[in-house]
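Below is one structure, written out as C-alpha cells, with a few remarks after it.
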Amino acid sequence: MAAVASQSLRVSLDGTRDYDILIERGCLARAGALLKDRFGERRIFIVRDAQVDAHAKALESALSAAGYSFQSITLPEGEDAKSWPVLQQTVNAMLEARLDRKSLVVALGGGVAGDHGGFAAAITLRGLDYVQVPTTLLSQVDSSVGGKTGINAPQGKNLVGAFHQPVLVLIDNTTLDTLPDRHMRAGYAEIVKYAFIRDAGFFEWLEANGAKVMARDDGALAHAVATSCAAKAAVVAADEREGGVRALLNFGHTFAHALEATCNYDRRLLHGEAVAIGMALAFDTSVRMGLCTAADAARATAHMQRLGMPTRIADIKDFPATTPDALVGLMGHDKKAIGGKLTFILSRGIGHAFVSREADIALVKEALAASMRT
Ligand code: GLY
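Heads up: the sequence shown runs through residues 9 to 382, numbered per the working numbering.
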C-alpha cells in the first residue's frame, strides 16, 4: 500500500474549540513551523515522558528553528506520573516559567504525558491551550483525541480530571518505528475496538491488513490510525462529555479496569492488553446473554489472538489469585457505574455495540470464570 503523505481530520465541537488532527510521517521535525503557522508567537512549555528523548530532541530542534523559546518537564515513568505530587511539580514548573494565558503547553509521549499534560494545562491559569503530540500507537488512536485529561486517585484510575480539548493533535508515525512490539499490540486493541463498536467494514479491512499495521507498513498504519481518529472525532463531536454515544468507546473497559486494578496498574498488564481481554469478555457475555452469535464472537477473538493480543485472563502472566465475585466487586468502583448499577458495553455482532445497564451479572461471572480457566 502506498504511503499516505499527510491527512488532516477535524474534530468539530462548537465552532470555537474545533481542532485538527494532523497525521503525517515526519511532522515532528516540522512541529515548530506548524505551530508558528497556526498559533504565531507563543511561550511554549513541554510536558514529556521519560522514554522519549529522541522525539524530544526532534521537537526541540524544530521549535528552536522556528524561533520559539521553551521550557520543559520530564515526568517519571509509568502511571506514577498521574498523581497529585507529580501534578503539583508540573504546575509549579509552569508557574515558575512565568507562562501567561497565551502560552502553549505541548504534551509529548504516550497516554500518561497526554493525560497529565492536558490536565495541568486545564487547571493552570484557569486553562491554557495545549497540543497533543502522541508517540505511542494507543495514544495516537485514542487518548490524544477527545479532551479527556486527568490523574489517578487512591480510589481509582482517572478519577480526577477535566474535559479539556487540545488545540491540535500532531501524529507522526515515525515515532512508532522504535515502539516495542508489545506496545504496538496494545495500541492495536484500541484500533480494532472502533471496528467492533460500529464499523464491520473496517473489521474486514483489519482482517486483511492487520498484520501489515503491526509490521508498521507506512500506508496500512496511516490508514488504520486515520480511520480510528476519524471514528473517535465523530463520536466526540456527537457527544463530547459522554452523555450518550461516547460511552461506546468504553467497549471492554469495565472488564479491563477491574483486571488492571487487580494488577495494581503495573507492567503485568498494559491498558490496551486489558482492553483486548475485556473486549473478548464483552463478546462472550453477549453470547451468553443471547445477544450475539458465537460465530461473531469467535471471529473477533480469533483476530486479536492471531495478531498476538491476549484475549483471556489466563493469558496474563502472574495474574494474582482472584475470583469472578472479586472482579465484579472492583467494577463497582468504576466511574461508569451510576447509582450502583454497572454499565457494560455489549455487542449484537461485529460493528454493533450498545450501552447496557441490564447485563446479567451471573453470566458476566460465568464469562470471567471461563476466561480464568487455564
Ligand atoms: N478513551 C475513551 C474516550 O476517550 O472516551
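Yeah, the Cβ is synthetic: ideal placement off N, Cα and C, and Gly gets one too.
Bear in mind the structure is a predicted one, so any value in this text is a computation, not a measurement.
DSSP three-state assignment for Leu-17, whether helix, strand or coil: Here residue 17 corresponds to residue number 9 of the sequence shown, with the count starting at 1. It is a strand residue.
Limits of the unbroken beta strand (DSSP E) element including Asp-137: As a working note, residue 137 is residue 129 in the sequence shown. Per DSSP, Asp-137 belongs to the beta strand (DSSP E) from 137-142.
Euclidean distance between Cα positions of Ser-379 and Gly-209: Position 371 of the sequence shown, counting from 1, holds the residue named residue 379. Position 201 of the sequence shown, counting from 1, holds the residue named residue 209. Each residue's Cα considered, the two are about 28 Å apart.
C-beta contact flag for Asp-323 and Ala-375 at 9 Å: Here residue 323 refers to the residue found at position 315 when the sequence shown is read from its first residue. Here residue 375 refers to the residue found at position 367 when the sequence shown is read from its first residue. The answer is no: Cβ separation not under 9 Å.
Runs of alpha helix (DSSP H) wholly within the stretch 240-296 (minimum 4 residues, chain order): Runs of the alpha helix (DSSP H) inside the stretch 240-296: 261-270 and 279-296.
Per DSSP, cross-strand counterpart(s) of Gln-79: Counting from 1 along the sequence shown, the entry for residue 79 is found at position 71. According to DSSP, which records beta bridges pairwise, Gln-79 is partnered with Phe-53.
Pairwise C-alpha distance: Arg-206 and Ile-159: If you number the sequence shown from 1, residue 159 lands on position 151. If you number the sequence shown from 1, residue 206 lands on position 198. Going from the Cα of Ile-159 to the Cα of Arg-206 covers about 29 Å.
At least three beta-carbon pairs within less than 8 Å, the stretch 170-177 to the stretch 133-149: Verdict: yes, contact present.
Helix, strand or coil at Phe-210 according to DSSP, with G and I counted as helix: Locating residue 210 in the sequence shown gives position 202, where the first residue counts as 1. Three-state DSSP puts Phe-210 in a helix.
Where Arg-18 falls, given that 16 or more other Cβ within 10 Å makes a residue buried: To locate residue 18, count along the sequence shown from 1; it is residue 10. The residue is exposed, with fewer than 16 neighbouring Cβ atoms inside 10 Å.
Contact test: Glu-215 Cβ vs ligand 1 heavy atom, cutoff 8 Å: On the sequence shown, residue 215 is found 207 positions in, with the first residue counted as 1. No; taking the cut-off as 8 Å, the Cβ of Glu-215 has no heavy atom of ligand 1 nearer than that.
Distance cut-off 8 Å: Gly-154 Cβ against heavy atoms of ligand 1: Residue numbering aside, residue 154 sits at position 146 when the sequence shown is read from its first letter. Distances from the CB of Gly-154 to the heavy atoms of ligand 1 include at least one below 8 Å.
For Val-114, the nearest candidate out of Lys-373, Gly-126 and Arg-106 (CA to CA): Residue mapping note: residue 114 aligns to position 106 of the sequence shown, counting from 1. Measuring from the Cα of Val-114, the nearest candidate turns out to be Gly-126.
Reduced DSSP secondary structure (H/G/I, E/B, other) of Phe-171: In the sequence shown, counting from the first residue as 1, residue 171 sits at position 163. Phe-171: strand per DSSP, three-state reduction.
Minimum C-alpha distance to Ala-234 - residue among Ile-29, Gln-59, Asp-22 and Gly-23: Numbered from 1 along the sequence shown, position 226 holds the residue referred to as residue 234. Scanning Ile-29, Gln-59, Asp-22 and Gly-23 for the CA closest to the CA of Ala-234 turns up Ile-29.
Extent of the continuous beta strand (DSSP E) to which Thr-127 belongs: Locating residue 127 in the sequence shown gives position 119, where the first residue counts as 1. A small fix is needed here, since residue 127 is Phe in this sequence, not Thr. Where Phe-127 is concerned, there is no enclosing beta strand (DSSP E), although the alpha helix (DSSP H) it sits in stretches over 119-131.
Between the CA atoms of Val-244 and Leu-21 - distance to the nearest angstrom: Residue numbering aside, residue 21 sits at position 13 when the sequence shown is read from its first letter. Residue numbering aside, residue 244 sits at position 236 when the sequence shown is read from its first letter. If I take the Cα positions, the gap works out to 8 Å.
Inter-residue spacing [alpha-carbon to alpha-carbon] between Arg-381 and Asp-45: Counted from its first residue, the sequence shown places residue 381 at position 373. Counted from its first residue, the sequence shown places residue 45 at position 37. Their backbone Cα atoms lie some 56 Å apart in a straight line.
Residues that DSSP places opposite Leu-145 in a beta bridge: Here the question's residue 145 lines up with position 137 in the sequence shown. Within the DSSP secondary-structure output, Leu-145 pairs in no beta bridge.
Thr-157 - partner residues in DSSP beta bridges: By 1-based counting over the sequence shown, the position of residue 157 is 149. Bridge partners of Thr-157: Ala-170.
Buried versus exposed, by CB contacts within 10 Å (16 or more), Asn-100: In the sequence shown, the residue the question calls residue 100 occupies position 92. Result: exposed.
Three-state class that DSSP yields for Lys-220 in the structure shown: In the sequence shown, the residue the question calls residue 220 occupies position 212. Lys-220: helix per DSSP, three-state reduction.
Contact check, Gly-169 vs Tyr-196, beta carbons under 9 Å: Taking the first residue of the sequence shown as position 1, residue 169 is located at position 161. Taking the first residue of the sequence shown as position 1, residue 196 is located at position 188. No, these two residues do not count as a Cβ contact at 9 Å.
Distance between Lys-156 and Phe-263 (C-alpha atoms, nearest Å): Taking the sequence shown and counting its residues from 1, one reaches residue 263 at position 255. Taking the sequence shown and counting its residues from 1, one reaches residue 156 at position 148. So the two alpha carbons sit approximately 20 Å from each other.
CA-to-CA distance, Ala-216 to Arg-193, given in whole angstroms: The residue you call residue 193 lines up with position 185 of the sequence shown. The residue you call residue 216 lines up with position 208 of the sequence shown. Their backbone Cα atoms lie some 16 Å apart in a straight line.
Per-residue burial, Lys-90 [other beta carbons within 10 Å of its own, 16 or more giving buried]: By 1-based counting over the sequence shown, the position of residue 90 is 82. Label assigned to Lys-90: buried.
Any non-hydrogen atom of ligand 1 closer than 8 Å to Asp-150 Cβ: Walking along the sequence shown from the start, residue 150 turns up at place 142. The answer is yes for Asp-150.
Own chain residues within Cβ distance below 8 Å of Ala-377, not counting five before or after: What you label residue 377 is simply residue 369 of the sequence shown in a count that begins at 1. Taken in chain order, the residues that qualify are Pro-332.
Through-space distance from Ala-232 to Arg-33, alpha-carbon basis: What you label residue 33 is simply residue 25 of the sequence shown in a count that begins at 1. What you label residue 232 is simply residue 224 of the sequence shown in a count that begins at 1. The alpha-carbon of Arg-33 is positioned some 14 Å away from that of Ala-232.
CA-to-CA distance, His-124 to Gly-164, given in whole angstroms: Start at 1 with the first residue of the sequence shown, and residue 164 comes out as number 156. Start at 1 with the first residue of the sequence shown, and residue 124 comes out as number 116. So the alpha carbons of these two residues sit roughly 15 Å apart.
For Ser-236, the nearest candidate out of Leu-299, Ala-223 and Leu-257 (CA to CA): The count along the sequence shown starts at 1 and reaches residue 236 at position 228. By alpha-carbon distance to Ser-236, the top candidate from Leu-299, Ala-223 and Leu-257 is Leu-257.
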